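**Q** Protein chains in written order, with the working numbering: chain A, 224 to 522; chain B, 224 to 522. All C-beta atoms, glycine included, are put in the ideal place defined by N, C-alpha and C. Note that the structure is a prediction, hence the values are computed from the model and not measured. Sending over a structure as structure tokens; questions will come in a sec.
Protein chains: 2
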Amino acid sequence: MGTVAEFDLSAYLISKAALITAELEQAVPVGYPTTVFESMRYSLLSGGKRLRPALCLASCDIVGGDPSAAMPTACGLEMLHTASLIHDDLPAMDNDDYRRGKPSNHKVFGDGIAVLTGDALWSYALEFILLNTRQVPAERLLRVLHTLINRVGVDGLVGGQVVDIQHEGIEEIDLPTVDYIHAHKTGSMIDAAVVTGAIIGGASEDVIARMSRYARKIGIAFQIIDDVLDGTASQQQLGKTPNKDERAHKATYPRLVGIAESTRRARELVDSAKKELDSFGDRATLLLAIADHICTRKS
Amino acid sequence: MGTVAEFDLSAYLISKAALITAELEQAVPVGYPTTVFESMRYSLLSGGKRLRPALCLASCDIVGGDPSAAMPTACGLEMLHTASLIHDDLPAMDNDDYRRGKPSNHKVFGDGIAVLTGDALWSYALEFILLNTRQVPAERLLRVLHTLINRVGVDGLVGGQVVDIQHEGIEEIDLPTVDYIHAHKTGSMIDAAVVTGAIIGGASEDVIARMSRYARKIGIAFQIIDDVLDGTASQQQLGKTPNKDERAHKATYPRLVGIAESTRRARELVDSAKKELDSFGDRATLLLAIADHICTRKS
Numbered sequence: 224m225g226t227v228a229e230f231d232l233s234a235y236l237i238s239k240a241a242l243i244t245a246e247l248e249q250a251v252p253v254g255y256p257t258t259v260f261e262s263m264r265y266s267l268l269s270g271g272k273r274l275r276p277a278l279c280l281a282s283c284d285i286v287g288g289d290p291s292a293a294m295p296t297a298c299g300l301e302m303l304h305t306a307s308l309i310h311d312d313l314p315a316m317d318n319d320d321y322r323r324g325k326p327s328n329h330k331v332f333g334d335g336i337a338v339l340t341g342d343a344l345w346s347y348a349l350e351f352i353l354l355n356t357r358q359v360p361a362e363r364l365l366r367v368l369h370t371l372i373n374r375v376g377v378d379g380l381v382g383g384q385v386v387d388i389q390h391e392g393i394e395e396i397d398l399p400t401v402d403y404i405h406a407h408k409t410g411s412m413i414d415a416a417v418v419t420g421a422i423i424g425g426a427s428e429d430v431i432a433r434m435s436r437y438a439r440k441i442g443i444a445f446q447i448i449d450d451v452l453d454g455t456a457s458q459q460q461l462g463k464t465p466n467k468d469e470r471a472h473k474a475t476y477p478r479l480v481g482i483a484e485s486t487r488r489a490r491e492l493v494d495s496a497k498k499e500l501d502s503f504g505d506r507a508t509l510l511l512a513i514a515d516h517i518c519t520r521k522s
Numbered sequence: 224m225g226t227v228a229e230f231d232l233s234a235y236l237i238s239k240a241a242l243i244t245a246e247l248e249q250a251v252p253v254g255y256p257t258t259v260f261e262s263m264r265y266s267l268l269s270g271g272k273r274l275r276p277a278l279c280l281a282s283c284d285i286v287g288g289d290p291s292a293a294m295p296t297a298c299g300l301e302m303l304h305t306a307s308l309i310h311d312d313l314p315a316m317d318n319d320d321y322r323r324g325k326p327s328n329h330k331v332f333g334d335g336i337a338v339l340t341g342d343a344l345w346s347y348a349l350e351f352i353l354l355n356t357r358q359v360p361a362e363r364l365l366r367v368l369h370t371l372i373n374r375v376g377v378d379g380l381v382g383g384q385v386v387d388i389q390h391e392g393i394e395e396i397d398l399p400t401v402d403y404i405h406a407h408k409t410g411s412m413i414d415a416a417v418v419t420g421a422i423i424g425g426a427s428e429d430v431i432a433r434m435s436r437y438a439r440k441i442g443i444a445f446q447i448i449d450d451v452l453d454g455t456a457s458q459q460q461l462g463k464t465p466n467k468d469e470r471a472h473k474a475t476y477p478r479l480v481g482i483a484e485s486t487r488r489a490r491e492l493v494d495s496a497k498k499e500l501d502s503f504g505d506r507a508t509l510l511l512a513i514a515d516h517i518c519t520r521k522s
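Structural data, given as structure tokens:
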């Protein structure tokens, strides 16, 4: 992809992010107890690239579905992602004071409300999908829920975060462990986004499997580049504290193989991911551009 | 109910608790990452009355359903309940060092793993129900999931816990606020247990509504008696730290209206709950006995 296509994608992602944010703004009106709703809105509406929702809508579209049917799930994905970030940032975990350019949730609302806000967003996401998804058969909706529930649990996000915090400060860490952490902490939800979009769009098993392979590969590439940026980008670019990984002796690709080799591997994964979409022809343009963008982004 | 019926119910509840515990033991084999599975099993298999699962199975039975179809949901309810206890016991929340007669989860595994174990059990519960529920139509299973997801979120458990921790140490608290906390922190999951059992059993809307009223009333009575016991029972009887409520200036019925009036109100709620089951005749024996038991229990 050349510079022009890159620019187009950036504009597209920015406009999609604005659309998703407007939907999220409507999705979580302030209710009682006020504090927890304000806390949910604080973390949910404070920026973010909205990559997972964008992938879900694009995935539904590429398989021939109506992306508007996937909008509640796209919003739910962002709520689940935000819930995991709130818990990850807690002092008992990654202990990060900044997120998306603002103080982390627990710095504003306290640790107790932060734990409860994560819990609240978790169930709010699934209930939002249940209440707002239209014209999707019950069997298919069950599968969407199952996919999301699986990817946030021990087989996904939680599993990745457990292994991650267990390896902080430990010098001996191998690449398979780092791959496990990346595949679970990041890959799982990228996969959930793409797979749920395909399920809602009515894709065949074969197509869902191919889309899932695409997602898993770009998910790991995304996290490798995240680690590279953590060591090279500024706090303003990242919206969170840079150099955290090194200070916490985090298990990262750059720490094990260096920045150049990390970037090469991310590129390799992205190229392999793009091949999974060969059969879609022109319909794949957007998902191909997103894959490329993962390697070239600066924040 | 006389002494003999009470004794029979106790024996019944003990045998049901053993059955549920055996099911839970099978339901969560140790997987990878080991720590989080051991932590889940530690909290899940360390005793507990298993009241919510017992109510779910009894509710399915009373409406004419096959209780075995409700067993995965019964187990899931206990997982969700345990997840909420792990988060509630955290230092950032109720800060309780003991639960079910043993050190709380975070005292053994640390705060970070405790947060993640709650998150893990949350999704494990729903996935366990999805994977193991047999012969229940998709529409009905979706409704079971929706009920559970709703009752653990801002409209249920989380909402109650938020208001609870916000009122700790505050002298001015009114009875409606205490009712809100009890109805949400405790009533919601008792309601979820009874309602999901009825849904799985194929109950009509009218029956589900009546069962829900029964559940909401015994749920509040249960929490009022819990507060009374907190001030009068020993640590050995409770399995958790007694007198915690008073020390934390917790919003409780005894603090506002005294122990005698609290006990009278609990009795009134239980009697009213039992009336909701009038039309079931003899089939209601078990649920009537459970309602009575709530007021007469010593731990």
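When the Cα atoms are used, what is the spatial distance from residue 517 of chain A to residue 396 of chain A?
**A** Each residue's Cα considered, the two are about 25 Å apart.
**Q** Kindly indicate the opening and closing residues of the alpha helix (DSSP H) around residue 358 of chain A.
**A** Here residue 358 of chain A belongs to no alpha helix (DSSP H), and DSSP marks it neither H nor E.
**Q** For residue 503 of chain B and chain A, any beta-carbon pair shorter than 9 Å?
**A** No, residue 503 of chain B lies away from the interface with chain A (no Cβ there is under 9 Å from its Cβ).
**Q** How would you call residue 502 of chain A, buried or exposed, if buried means at least 16 neighbouring beta carbons within 10 angstroms?
**A** Classification for residue 502 of chain A: exposed.
**Q** Verify whether the separation of the beta carbon atoms of residue 326 of chain B and residue 334 of chain B is less than 9 Å.
**A** Against a cut-off of 9 Å, the Cβ pair of residue 334 of chain B and residue 326 of chain B comes out as no contact.
**Q** Have a look at residue 474 of chain B and residue 401 of chain B and give me their C-alpha separation to the nearest angstrom.
**A** Near 6 Å, if we compare the C-alpha coordinates of residue 401 of chain B and residue 474 of chain B.
**Q** For a contact defined as C-beta to C-beta under 7 Å, what are the partners of residue 258 of chain A on chain B?
**A** Under the 7 Å cutoff, chain B gives 385 and 389.
**Q** Using a C-beta cutoff of 9 Å, does residue 316 of chain A count as contacting chain B?
**A** Yes, its Cβ sits closer than 9 Å to a Cβ of chain B.
**Q** Looking at residue 409 of chain B and residue 370 of chain B, is the spacing between their C-beta atoms short of 9 Å?
**A** The answer is no: Cβ separation not under 9 Å.
**Q** Quick one: is residue 356 of chain A buried, meaning 16 or more other Cβ sit within 10 Å of its Cβ, or exposed?
**A** Per the 10 Å Cβ criterion, buried.
**Q** Within the region 293-360 of chain A, note down every full alpha helix (DSSP H) run reaching 4 residues or more, in order along the chain.
**A** Complete alpha helix (DSSP H) runs here, min 4: 328-332 and 334-355.
**Q** Give a yes or no on whether the C-beta atoms belonging to residue 499 of chain B and residue 440 of chain B are separated by under 9 Å.
**A** Their beta carbons are under 9 Å apart, which means residue 499 of chain B touches residue 440 of chain B by this criterion.
**Q** Classify residue 520 of chain A as helix, strand or coil using the three-state DSSP reduction.
**A** In this structure, residue 520 of chain A counts as coil in the three-state DSSP scheme.
**Q** Going along chain B, which residues have a C-beta under 7 Å from residue 334 of chain A?
**A** By Cβ distance, chain B contributes 315.
**Q** Please go through the same chain and pick out, in chain order, the residues whose beta-carbon is closer than 7 Å to the beta-carbon of residue 238 of chain B, but skip the five residues on each side of it.
**A** Around residue 238 of chain B: no qualifying Cβ.
**Q** Roughly how many whole angstroms lie between the Cα atoms of residue 403 of chain A and residue 383 of chain A?
**A** Whole-angstrom Cα-Cα distance: 7 Å.
**Q** Starting from the C-beta of residue 312 of chain B, find all residues in its chain whose C-beta is less than 6 Å away, skip the five residues before and the five after it, and write them out in chain order.
**A** Counting only Cβ-Cβ distances below 6 Å, and skipping sequence neighbours, we find 319, 322 and 327.
**Q** Any beta carbon from chain B within less than 9 Å of residue 373 of chain A's own beta carbon?
**A** Yes, residue 373 of chain A counts as interfacial toward chain B.
**Q** Residue 362 of chain B CB to nearest chain A CB: under 9 Å?
**A** Yes - at least one Cβ of chain A is within 9 Å of the one on residue 362 of chain B.
**Q** Any idea if residue 347 of chain B is buried or exposed, counting beta-carbon neighbours within 10 angstroms, 16 or more meaning buried?
**A** With 16 or more Cβ atoms within 10 Å of its Cβ, residue 347 of chain B is classed as buried.
**Q** What residues in its chain sit with their C-beta under 6 Å from that of residue 232 of chain A, if we drop five residues either side in the sequence?
**A** Excluding residues within five positions, the ones whose Cβ falls inside 6 Å are 512 and 516.
**Q** Starting from residue 265 of chain B, trace the alpha helix (DSSP H) in both directions and tell me its first and last residue.
**A** From DSSP, the alpha helix (DSSP H) with residue 265 of chain B extends over 257-267.
**Q** Measuring alpha carbon to alpha carbon, tell me which of A:268, A:251, A:278 and A:256 ends up nearest residue 508 of chain A.
**A** With distances taken between Cα atoms, residue 508 of chain A lies closest to A:278.
**Q** Taking 9 Å as the CB-CB cut-off, is residue 350 of chain B touching chain A?
**A** Closer than 9 Å to some Cβ of chain A, the Cβ of residue 350 of chain B qualifies, so yes.
**Q** Determine the chain A residues that contact residue 254 of chain B at a beta-carbon separation under 8 Å, and present them in chain order.
**A** Near residue 254 of chain B (Cβ distances below 8 Å), the residues of chain A are 377.
**Q** Below 6 Å CB to CB, which residues in the same chain sit around residue 332 of chain B once its five sequence neighbours on both sides are set aside?
**A** Within the same chain, residue 332 of chain B has close Cβ partners 262.
**Q** What residue does the alpha helix (DSSP H) around residue 449 of chain A start on, and which one ends it?
**A** 428-455 is the span of the alpha helix (DSSP H), which, as asked, contains residue 449 of chain A.
**Q** Could you give the distance in angstroms between the alpha-carbon of residue 310 of chain A and the alpha-carbon of residue 510 of chain B?
**A** Cα-Cα distance, rounded: 39 Å.
**Q** Is any beta-carbon of chain A found at less than 9 Å from that of residue 435 of chain B?
**A** Closer than 9 Å: no.
**Q** Could you name the residues of the same chain whose beta carbon sits closer than 8 Å to that of residue 286 of chain A, not counting the 5 residues immediately before and after it, in chain order?
**A** Once the five neighbours on either side are set aside, the close Cβ partners of residue 286 of chain A are 420, 421, 424, 425, 426, 430 and 434.
**Q** Whole-angstrom Cβ separation of residue 283 of chain A and residue 276 of chain A, contact assumed at under 8 Å?
**A** That belief does not hold up - the Cβ atoms of residue 283 of chain A and residue 276 of chain A are roughly 11 Å apart, past 8 Å.
**Q** Whole angstroms is fine: what's the gap from residue 337 of chain B's alpha carbon to residue 329 of chain B's?
**A** Each residue's Cα considered, the two are about 5 Å apart.
**Q** Restricting to Cα atoms, I'd like to know which of B:340, B:417 and B:485 is closest to residue 446 of chain B.
**A** Nearest option by C-alpha distance: B:485.
**Q** Listing by chain order, which chain E residues have their CB less than 7 Å from the CB of residue 347 of chain A?
**A** Absent from the structure: chain E. Protein chains present are A and B.
**Q** Comparing C-alpha positions only, which one of A:350, A:360 and A:380 sits nearest to residue 218 of chain B?
**A** It is not possible to answer for residue 218 of chain B, since the shown part of chain B is limited to 224 through 522.
**Q** Relative to the C-alpha of residue 294 of chain B, which residue among B:494, B:417, B:438 and B:444 is closest?
**A** With distances taken between Cα atoms, residue 294 of chain B lies closest to B:417.
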